[in-house]
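Residue numbers (UniProt numbering): 1 to 192.
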């Protein structure tokens, strides 16, 4: 199996970060184009505009608490365009350290793709500094048993949503051959 071209991945990352302002404007425009029909953005009066100035004037800084009602509607099964233009297939669960209770965080395909790119980029830099050559790496990944929301969406920790997603295996094939860790979950070790 052929691995990723780590030099190319690093070059692409460095090109993106060399002009971060432009990349951020393009990213915002893409996000607004793809999600402009969402109820949340419509309610704020963005009306399809995709420029940074309109975004800053219409969309306030918010906390998770400000979005909680929208998120719970999604978790309860409302599949309309509430926060995003496309349906949210899964919810990640926070650790609950902020206010003592776990929170739902929408997890969609876009987040999955971004996470895979982060993994490839970090692998490229790590491999440049500490090349595996013909060796293998051991990864310890902590996941939990996935559950369901009241509305039937998949629910689990971020790592659970990531590692159980079919796109993860196909997207990570290029670097997984360097790993000797099994894909199958290992049973929890009982407390002693």
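Note that the Cβ used here is the ideal one computed from N, Cα and C, for glycine as well.
{"Query": "Nearest neighbour of residue 162, chosen from 134, 90, 102 [CA to CA]", "Result": "90"}
{"Query": "Per-residue burial, residue 32 [other beta carbons within 10 Å of its own, 16 or more giving buried]", "Result": "buried"}
{"Query": "Segment limits, beta strand (DSSP E) that includes residue 106", "Result": "104-107"}
{"Query": "In chain order, each beta strand (DSSP E) run of at least 3 residues that lies wholly inside the stretch 117-170", "Result": "154-156"}
{"Query": "Residue interval of the beta strand (DSSP E) (run including residue 35)", "Result": "No beta strand (DSSP E) contains residue 35, which is instead part of the alpha helix (DSSP H) from 20-35."}
{"Query": "Within 9 Å, strictly: CB atoms of residue 116 and residue 36", "Result": "no"}
{"Query": "Proximity below 9 Å, CB of residue 155 to CB of residue 149", "Result": "yes"}
{"Query": "First and last residue of the uninterrupted beta strand (DSSP E) at residue 90", "Result": "90-93"}
{"Query": "Residue 71 vs residue 64 beta-carbon contact at 9 Å", "Result": "yes"}
{"Query": "Candidates 107, 97, 25, 112: closest to residue 52 by CA position", "Result": "25"}
{"Query": "Rounded separation between residue 80 and residue 42 - CA only", "Result": "13 Å"}
{"Query": "Residue interval of the alpha helix (DSSP H) (run including residue 56)", "Result": "52-58"}
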